[in-house]
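Scroll down for the structure; my scribbles are underneath it.
Numbering (the working numbering), first residue to last: -9 to 143.
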């Protein structure tokens, strides 16, 4: 006879999507128009409890907020949605996890739908898109540093 396991409150890994913050960086400070801008993003659990979430490909784990000369710009490409996910993973308190795909943690802005051709000063920020079995998601609030770079003609 099979018995269902009942989890007690102490066994359930709870979390709040607002407790995941991001750090974004670029591989250079200056690019020429048309260059590939490469970014690396890490997610950090800033709470005192573990947070379990479902990892997806990096383009589905975060939303970028991109501005040029202070004006928000929209992505120029769109994608069809979530890719294949992995089993739920747990991020311990005050630990970070770097997004990676196919053994690479650096991605181009084009991977997120942005093609940078116009000269100017760009700023990148991140909205973590964290979902999971016991995670209250917040998919609208920027929770990251600001990475700034310049594009020259």
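For glycine and all other residues, C-beta sits at the position ideal for the given N, C-alpha and C. Please read these numbers as outputs of a predicted model, since none were measured by experiment.
Q. Do residue 96 and residue 17 have their C-beta atoms closer together than 9 Å?
A. Taking 9 Å as the Cβ cut-off, residue 96 and residue 17 qualify as a contacting pair.
Q | Residue interval of the beta strand (DSSP E) (run including residue 49) | A | Under the DSSP assignment, residue 49 falls outside any beta strand (DSSP E), being part of the alpha helix (DSSP H) whose first and last residues are 48 to 51.
Q) Can you tell me whether DSSP reads residue 7 as helix, strand or coil? A) Residue 7 carries a helical assignment under DSSP once its states are collapsed to helix, strand and coil.
Q.
Once DSSP output is grouped into helix, strand and coil, what is the label at residue 99?
A. It is helical.
Q: For residue 103, decide whether its Cβ has a neighbour in chain D, counting only Cβ atoms nearer than 9 Å.
A: Absence of chain D from the displayed structure is noted, only one protein chain being present.
Q: Mind reading off the beta-carbon distance from residue 116 to residue 14? Whole number of angstroms is fine, and I expect it under 8 Å.
A: The distance from the Cβ of residue 116 to that of residue 14 is about 5 Å, consistent with a contact at the 8 Å cut-off.
**Q.** Contact under 9 Å by Cβ, residue 144 with residue 32
**A.** Within the shown structure, residues of the chain are numbered from -9 to 143, placing residue 144 beyond reach of any answer.
Q.
Considering Cα atoms alone, identify which of 124, 61, 29 is closest to residue 42.
A. Minimum Cα distance to residue 42 is reached at 124.
Q) What are the start and end residues of the beta strand (DSSP E) that includes residue 121? A) Counted as a single uninterrupted DSSP element, the stretch harbouring residue 121 is not any beta strand (DSSP E), since DSSP gives it neither H nor E.
Q: Report the option in 19, 48, 54 whose CA atom is closest to the CA atom of residue 132.
A: Nearest of 19, 48, 54 to residue 132, Cα basis: 54.
Q) How many Å lie between residue 65 and residue 34 at the Cα? A) Each residue's alpha carbon lies about 25 Å from the other.
(Q) Once DSSP output is grouped into helix, strand and coil, what is the label at residue 29? (A) Taken through DSSP and simplified to helix, strand or coil, residue 29 comes out as strand.
Q: Report yes if the CB atom of residue 107 is closer than 9 Å to the CB atom of residue 23, and no otherwise.
A: Residue 23 sits close to residue 107, with the two beta carbons spaced by under 9 Å.
**Q.** Distance CB(residue 103)-CB(residue 81) smaller than 9 Å
**A.** Not a contact, by the Cβ cut-off of 9 Å.
(Q) Less than 9 Å between the C-beta atoms of residue 28 and residue 99, yes or no? (A) With contacts defined by Cβ atoms closer than 9 Å, residue 28 and residue 99 form a contacting pair.
Q) What did DSSP end up calling residue 110 once you bin it into helix, strand or coil? A) Strand at residue 110.
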